[in-house]
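Working notes, beginning with the structure itself.
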Amino acid sequence: MFLRDWFLIFTLSLNIWATKATSTIVFIGGYSGDGPTDSKGIYAFALDEVKSTLIPLGLSAVTTNPSYILIHPSHKYLYSVNEQDAGTVTAFKIDSTQPGHLTLINQQSSRGSGPCYLSTNQVGEYLFVANYNNGTVAVLPIDTNTGNIKSFTGFDQQTGSSIDPIRQTSAHAHCILLDKKEQYALSADLGSDEIYHYKFFSNNGSLLRTSTTKAARFGDGPRHIIFDSNQKFVYVMNELKSTITVYNYFPTMQSIQIISTLPQDFTLPNTGAEIIFHPKLEQYLYASNRGHDSIAVFLVDINTGHLSLIQHMNVQGRTPRNFNISPDGKFLIVANQDSNNLVLFTIDQTTGKLIPTGSTVSISKPTCVKYLGQ
Ligand SMILES: *[C@@H]1O[C@H](CO)[C@@H](O)[C@H](O)[C@H]1NC(C)=O
Ligand SMILES: *[C@@H]1O[C@H](CO)[C@@H](O)[C@H](O)[C@H]1NC(C)=O
21 MFLRDWFLIF TLSLNIWATK ATSTIVFIGG YSGDGPTDSK GIYAFALDEV
71 KSTLIPLGLS AVTTNPSYIL IHPSHKYLYS VNEQDAGTVT AFKIDSTQPG
121 HLTLINQQSS RGSGPCYLST NQVGEYLFVA NYNNGTVAVL PIDTNTGNIK
171 SFTGFDQQTG SSIDPIRQTS AHAHCILLDK KEQYALSADL GSDEIYHYKF
221 FSNNGSLLRT STTKAARFGD GPRHIIFDSN QKFVYVMNEL KSTITVYNYF
271 PTMQSIQIIS TLPQDFTLPN TGAEIIFHPK LEQYLYASNR GHDSIAVFLV
321 DINTGHLSLI QHMNVQGRTP RNFNISPDGK FLIVANQDSN NLVLFTIDQT
371 TGKLIPTGST VSISKPTCVK YLGQ
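For the sequence shown, the tail end lands on 394 under the working numbering, and the numbers increase by one without skipping.
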């Protein structure tokens, strides 16, 4: 090799090293299309934590409607739904030498139409997928040596309807995730106003429906579910009512609080979307409002599980379908689906409140934010 080549390799390594030292790679999923300005798949950005900015790294992989993505616990693979009629889930290998680059591994049926959510068990041997249009959930095994997705081992068709004449005429599974002991899975069904409970068998990847919990009120439209770190409480974002219901988890789910994610005087249309805990400060919980276009920040009483509102932060865009907090807990990125932008906030480490950084980047119809290392 020529000296020039060695020099190139040296500077390239320096760049990669610098990127790693000061920044975190972020993958963004969303809705794709055929037009020249439409998204073509999954995109990557570097979050520069020193300058508080997002740096575009370009298209990571071409894929159809990756509206929800998941990083494998090993950080070696990325899984994406393809939200389309014949729903699929696609596996990619995360390239460790080229930041933000993904290579296709394989694709499997999601066992339903309109897959919209993915989760995994802690060791990463099973993927859980919820199919919105069909109201079905499925379990797909992962070969942890290759990242390959295998054909489903667990499946359930949810049923029923509720009072909303447009959104609740049939079952619409919106999420599925294991509880922390990984013996049970919960799934929010927006269409039937129910939380489905499943026994999960890790020996063969099957699901057995055990019971259902009714939403606290008709027309709630439960969308996403999270647990506190001790699994004493369950927090459910109700999309149609823009409320969070807090439940006890053991021995059965009992609702203990219903709280709005909106200011009292806001009466325009709104749907609730994402709900997450702060990854380091467990007394703070964040939820997004599509319509009011804000993130509501709540203080969590660790003993009673109750929430109290402490802030509404404007998202500097429209329709914040998803947002996520960096693994170190210092940054929050919002994906504004209808204003085609990502907006970066910092989080005050003593109050949990959001502070705008002024950093925003354009991207077509973003709907999912995932940090490598999360
Ligand atoms: C699932 O959705 C597809 C397309 O919307 C439809 O053709 C199919 O009949 C549905 N299957 C079930 C089990 O509801
Ligand atoms: C999976 O394993 C459990 C526990 O051994 C068993 O009860 C169940 O029947 C199995 N399911 C299938 C589909 O093999």
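Glycine is no exception: its CB is placed at the ideal position from the N, C-alpha and C atoms.
Runs of the beta strand (DSSP E) lying entirely within the region 324-385 and spanning at least 3 residues, in chain order: 327-334, 340-345, 351-356, 361-367, 374-382.
Our two residues, residue 148 and residue 140, have alpha carbons roughly 6 Å apart in a direct line. Around the beta carbon of residue 202, a 10 Å sphere encloses fewer than 16 other beta carbons of the protein chains shown; the residue is thus reported as exposed.
By the Cβ rule, the region 219-226 does not count as touching the region 189-196, because fewer than three pairs are nearer than 8 Å. Short of 8 Å from the beta carbon of residue 247, and not among the five residues preceding or following it, lie these beta carbons of its own chain, in chain order: 199, 200, 253, 254, 255, 269. Annotation: the continuous beta strand (DSSP E) that includes residue 278 extends over 274-280. Secondary-structure assignment with DSSP links residue 388 through a beta bridge to 49. The residue among 274, 65, 111 with its C-alpha nearest the C-alpha of residue 236 is 274. Per DSSP, residue 290 lies in no beta strand (DSSP E) segment and is marked neither H nor E. Annotation for residue 172 indicates a beta carbon at 7 Å or more from all heavy atoms of ligand 2.
Within the region 206-260, the runs of beta strand (DSSP E) at least 3 residues long that lie entirely inside it are, in chain order, 214-221, 226-234, 242-247, 253-258. For the pair residue 101 and residue 226, the Cα-to-Cα distance works out to about 20 Å.
Taking 8 Å as the cut-off, the beta carbon of residue 49 is found closer than this to the beta carbon of residue 88.
Residue 109 places its beta carbon less than 8 Å from that of residue 130.
In this structure, residue 221 has its beta carbon less than 7 Å from a heavy atom of ligand 2. A residue is called buried when at least 16 other Cβ atoms come within 10 angstroms of its Cβ; residue 355 meets this threshold and is buried. In the displayed model, residue 173 falls within coil according to three-state DSSP, outside both helix and strand.
In the structure shown, the three-state DSSP call for residue 42 is helix.
By DSSP's assignment, residue 77 forms no beta bridge with any residue. At a cut-off of 7 Å, the beta-carbon of residue 141 does not count as near ligand 2: no heavy atom of the ligand is closer than that.
Distances taken from the Cβ of residue 226 to the heavy atoms of ligand 2 include one shorter than 7 Å.
Membership of residue 317 in the beta strand (DSSP E) is indicated by the continuous run 314-320. Residue 372 has its alpha-carbon roughly 8 Å from the corresponding atom of residue 319. Per DSSP, the beta-bridge partners of residue 310 are 291.
Here residue 143 carries a coil assignment [DSSP, helix/strand/coil]. For residue 282, the number of other beta carbons within 10 angstroms of its own is at least 16, and it is reported as buried.
Here residue 99 carries a strand assignment [DSSP, helix/strand/coil]. A Cβ-Cβ contact shorter than 8 Å links residue 218 with residue 228.
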